[in-house]
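Report on the structure given below.
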Amino acid sequence: MLREHRHEQLLRLLREEGVLPVGQIAERLDISEATARRDLNDLGRAGRLTRVYGGAVARRPAERPFEEEAVDDLADKDAVARRAAATVEDGEVVLLDIGTTTLQLARQLHGRKITVATSNLAVYEELRDDPDVSLVLLGGQVRRNYRSLVGHLTEASLEGIYADRLFLGTSGVLPDGRVLDTTDVEVPVKKAMLGSARQVVLLATARKFPGTGTARICGPQDIDVLITGQASDPGTLAVFREAGVEVTVEVARG
Numbered sequence: 001m002l003r004e005h006r007h008e009q010l011l012r013l014l015r016e017e018g019v020l021p022v023g024q025i026a027e028r029l030d031i032s033e034a035t036a037r038r039d040l041n042d043l044g045r046a047g048r049l050t051r052v053y054g055g056a057v058a059r060r061p062a063e064r065p066f067e068e069e070a071v072d073d074l075a076d077k078d079a080v081a082r083r084a085a086a087t088v089e090d091g092e093v094v095l096l097d098i099g100t101t102t103l104q105l106a107r108q109l110h111g112r113k114i115t116v117a118t119s120n121l122a123v124y125e126e127l128r129d130d131p132d133v134s135l136v137l138l139g140g141q142v143r144r145n146y147r148s149l150v151g152h153l154t155e156a157s158l159e160g161i162y163a164d165r166l167f168l169g170t171s172g173v174l175p176d177g178r179v180l181d182t183t184d185v186e187v188p189v190k191k192a193m194l195g196s197a198r199q200v201v202l203l204a205t206a207r208k209f210p211g212t213g214t215a216r217i218c219g220p221q222d223i224d225v226l227i228t229g230q231a232s233d234p235g236t237l238a239v240f241r242e243a244g245v246e247v248t249v250e251v252a253r254g
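In our numbering, the protein residues as written are 1 to 254.
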């Protein structure tokens, strides 16, 4: 198991279970106690957990600013966005979720005779001057750090929309197919979006398997299409296929 992946599993275990002793961590992750202690020390120095007597407890990470997230895995996001854009037909109404992959998708939609509805302020800024795109900005409370709109006004806005496709983002996808987000306040909006579209398309780069997040958005049975990258976990992709999801794997350029 790669060290980075093992660290993410360890942190998820701590978030789910609370305080755990070293012995239980080693047993649950199938590693030696010496490796578990070394991982705990590394993550403690990085500020991602707090060591306590005999074990550790996870710290909930502060949300990264949108601008920092936007530059991560850019080639992979471009590949996923390019494939997603190819599925959109002229005249359609598409619903774009928050996040940086959906921003990359918006950049692929310039000049298209479509309607885009979104709670993503970065998407709004990207498309606002495009005369071909009919743009609908959902109402709600502004979350400046992540350039999104949330709250009951956003959810109420979605009651008046039925889109051809929802392009849904995520911060993490568990091996059993559960789709997660890191921020509780965004989840009710995402769930409302699920009920406002004929087709649900999940956009998830390989880094999102398993990624991060503790708030459940939905399961694989709620997804129609998954567009992801070549390096995504094959076991998780198999879970989606078994649930009847159309899985498309896209290769990043250069």
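Heads up, the beta-carbon is just placed ideally off N, CA and C, and yes, glycines get one too.
(message) Rounded to whole angstroms, what is the Cα-Cα separation between ARG147 and ILE98?
(response) As a first step, residue 147 is located in the sequence shown; it is residue number 147 there, counting from the start. As a first step, residue 98 is located in the sequence shown; it is residue number 98 there, counting from the start. The straight-line gap from Cα to Cα measures roughly 8 Å.
(request) State the Cα-Cα distance for the pair ARG241 and SER157, rounded to the nearest angstrom. (result) Position 241 of the sequence shown holds residue 241. Position 157 of the sequence shown holds residue 157. Using only the alpha carbons, I get a separation of about 32 Å.
(request) Please list the segments of the beta strand (DSSP E) lying wholly inside the segment 163-225, counting only runs of 3 or more residues, in order along the chain. (result) 163-168, 179-181, 197-204, 215-218
(message) Check whether the segment 87-101 and the segment 116-126 touch, using three or more Cβ-Cβ pairs below 8 Å as the test.
(response) yes
(message) Helix, strand or coil for LEU20? Go by DSSP, reduced to three states.
(response) On the sequence shown, position 20 is the one that residue 20 refers to. It is a strand residue.
(request) Could you tell me if SER171 is buried or exposed, where buried requires 16 or more neighbouring beta carbons within 10 angstroms of its beta carbon? (result) For the purposes of this step, residue 171 is identified with residue 171 of the sequence shown, where counting begins at 1. Flag for SER171 reads buried.
(request) For GLN221, count neighbouring C-beta atoms within 10 Å of its own C-beta (all shown protein chains included) and say buried if the count is 16 or more, exposed if not. (result) Residue 221 sits at position 221 when you count from the first residue of the sequence shown. Exposed, because fewer than 16 other Cβ atoms sit within 10 Å of the Cβ of GLN221.
(request) Give the secondary structure of GLY229 by DSSP, where H, G and I count as helix, E and B as strand, and everything else as coil. (result) Residue 229 sits at position 229 when you count from the first residue of the sequence shown. If DSSP states are grouped into helix, strand and coil, GLY229 belongs with the strands.
(request) Along the beta strand (DSSP E) that carries LEU135, what are the first and last residues, could you check? (result) Position 135 of the sequence shown, counted from the start, is the residue given in the question as residue 135. 134-137 is the span of the beta strand (DSSP E), which, as asked, contains LEU135.
(message) Assuming ILE141 is part of the alpha helix (DSSP H), what are its boundary residues?
(response) Sequence index remark: in the sequence shown, residue 141 carries index 141 (1-based). Just to set this straight, residue 141 is Gln in the shown sequence, not Ile. GLN141 -> not in any alpha helix (DSSP H); beta strand (DSSP E) instead, spanning 141-143.
(message) Does LEU237 come out as helix, strand or coil in the three-state DSSP assignment?
(response) The count along the sequence shown starts at 1 and reaches residue 237 at position 237. Helix at LEU237.
(message) Would LEU203 and LEU180 be called neighbours here (beta carbons separated by less than 8 Å)?
(response) Translated into positions along the sequence shown, residue 203 becomes position 203. Translated into positions along the sequence shown, residue 180 becomes position 180. No, Cβ-Cβ distance for LEU203 and LEU180 is not below 8 Å.
(request) Identify the continuous alpha helix (DSSP H) that holds GLU126 and give its terminal residues. (result) Taking the first residue of the sequence shown as position 1, residue 126 is located at position 126. Note, GLU126: alpha helix (DSSP H), 121-127.
(request) Could you check how far apart the C-beta atoms of GLY23 and GLU33 are, in whole angstroms? I think they sit under 8 Å. (result) Residue 23 sits at position 23 when you count from the first residue of the sequence shown. Residue 33 sits at position 33 when you count from the first residue of the sequence shown. Right, their Cβ atoms sit about 6 Å apart.
(message) I need the straight-line Cα distance from ALA206 to ARG51, nearest angstrom please.
(response) In the sequence shown, counting from the first residue as 1, residue 206 sits at position 206. In the sequence shown, counting from the first residue as 1, residue 51 sits at position 51. Taking the straight line joining both Cα atoms gives about 30 Å.
(request) Give the DSSP-derived three-state secondary structure of LEU74 in the structure shown. (result) Residue mapping note: residue 74 aligns to position 74 of the sequence shown, counting from 1. LEU74 falls in the helix class under three-state DSSP.
(request) On a CA-only basis, which of GLU186, GLN230, LEU40 is nearest THR214? Give me that one, please. (result) Counted from its first residue, the sequence shown places residue 214 at position 214. Ranking the options by Cα distance to THR214, first place goes to GLU186.
(request) Measure how close the beta-carbons of GLY211 and VAL249 come, nearest whole angstrom, since I'm counting them as under 8 Å. (result) Taking the sequence shown and counting its residues from 1, one reaches residue 211 at position 211. Taking the sequence shown and counting its residues from 1, one reaches residue 249 at position 249. At roughly 17 Å, the Cβ-Cβ gap does not stay under 8 Å, so GLY211 and VAL249 are not in contact.
(message) By DSSP's criteria, GLU250 is part of a beta bridge. Which residues make up the other side?
(response) Position 250 of the sequence shown, counted from the start, is the residue given in the question as residue 250. Looking at the DSSP assignment, GLU250 forms a beta bridge with GLY229.
(message) Nearest by alpha-carbon distance to PHE209: which of LEU166, SER134, PRO188, ASP176 is it?
(response) Within the sequence shown, the letter at position 209 stands for residue 209. Considering only alpha carbons, the answer is ASP176.
(message) In the DSSP output, what is SER148 paired with across the bridge?
(response) Taking the sequence shown and counting its residues from 1, the one referred to as residue 148 is at position 148. ASN120, ARG143, per the DSSP bridge assignment.
(message) Does ALA56 come out as helix, strand or coil in the three-state DSSP assignment?
(response) Translated into the one-based positions of the sequence shown, residue 56 becomes position 56. DSSP places ALA56 in strand when its eight states are reduced to three.
(message) What would DSSP say about ARG82, mapped onto helix, strand or coil?
(response) Residue mapping note: residue 82 aligns to position 82 of the sequence shown, counting from 1. The answer is helix: DSSP assigns ARG82 an H, G or I state.
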